[in-house]
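Residue numbers (the numbering used here): 35 to 240.
Just so you know, even glycine gets a beta-carbon here, dropped at the ideal spot from N, CA and C.
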Ligand SMILES: Nc1ncnc2c1ncn2[C@@H]1O[C@H](COP(=O)(O)OP(=O)(O)O)[C@@H](O)[C@H]1O
Ligand SMILES: [Mg+2]
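In structure tokens:
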């Protein structure tokens with residue numbers, strides 16, 4: 035089993051950082067919350083609704099959103115087409131629904147580029163921009179800064195902090211980098227979960 039005995043309750047504005055070695059179940063836990071994997075047992079509750087059997091799109095429309103460790107994007111589409119698609123799926127009418135997240139992630143200038151031309155860091159940034167379309171109440175981010183340079187890391191931290199200030203979402207972040215964790219730790223409702231072999235550990239912050 036990829037995750038076992040994990041129990042967390044998060045209120046509005048809470049920030050949960052998940053750390054642990056490779057293969058410890060961090061991505062698996064995000065998959066369970068976002069609906070990419072259905073659990074064998076256990077419950078996931080959102081606003082008093084049991085959502086653990088809901089498919090991904092239903093969770094997304096109800097405000098549970100995620101970015102991926104390895105973003106899955108259509109290389110032939112432009113950045114703006116990709117963002118517009120997310121809005122169409124979510125039924126967001128206004129163009130600003132994708133323009134604001136894109137600007138927030140520092141990608142306004144590459145809106146007409148095709149996704150296939152983006153750097154690794156820009157792919158991570160557009161994946162984050164997609165995840166914050168529609169102001170979701172739960173934002174799950176899987177190693178957002180892995181493999182990106184200092185400037186992109188600053189953009190990612192700034193985007194997450196902006197969202198937190200703007201609408202107090204729950205943010206669940208899997209991240210190894212201390213600088214990123216330190217920036218989030220400063221927020222009042224910060225909680226840390228260490229995982230090893232799919233179960234919580236007492237391990238302190240890296
Ligand atoms: N659906 C699944 N069922 C059972 N085991 C899985 C499933 N998905 C991943 N795993 C296994 O769970 C472990 C944790 O993987 P993962 O969540 O990707 O770790 P991390 O993100 O912490 O590196 C790995 O050994 C992986 O092979
Ligand atoms: Mg992972």
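Distance CB(residue i)-CB(residue j) smaller than 8 angstroms
i: residue 190; j: residue 162; result: yes
i: residue 209; j: residue 178; result: yes
i: residue 90; j: residue 124; result: no
i: residue 113; j: residue 144; result: yes
i: residue 146; j: residue 64; result: no
i: residue 36; j: residue 232; result: yes
Cβ-heavy atom distance, residue i to ligand 1, below 7 angstroms
i: residue 180; result: no
i: residue 69; result: no
i: residue 96; result: no
i: residue 56; result: yes
i: residue 36; result: yes
Closest Cα partner of residue i within the set the options
i: residue 195; options: 62, 231, 147, 219; result: 219
i: residue 182; options: 155, 203, 91; result: 155
i: residue 164; options: 185, 180, 184, 132; result: 132
i: residue 222; options: 159, 92, 59, 49; result: 49
i: residue 44; options: 228, 226, 117, 204; result: 204
i: residue 55; options: 211, 224, 225; result: 211
i: residue 157; options: 38, 108, 236; result: 108
DSSP beta-bridge partners of residue i
i: residue 117; result: Its beta-bridge partners do not exist; DSSP assigns none.
i: residue 226; result: 51
Residue i beta carbon near ligand 2 (any heavy atom closer than 7 angstroms)
i: residue 53; result: no
i: residue 60; result: yes
i: residue 175; result: no
i: residue 172; result: no
Inset, instruction - Say whether the segment 208 to 218 touches the segment 138 to 145, bearing in mind that this needs 3 or more beta-carbon pairs closer than 8 angstroms, one atom from each stretch. - result: no
Inset, instruction - Take every Cβ of the segment 164 to 178, pair it with every Cβ of the segment 99 to 116, and state whether three or more of those distances are shorter than 8 angstroms. - result: yes
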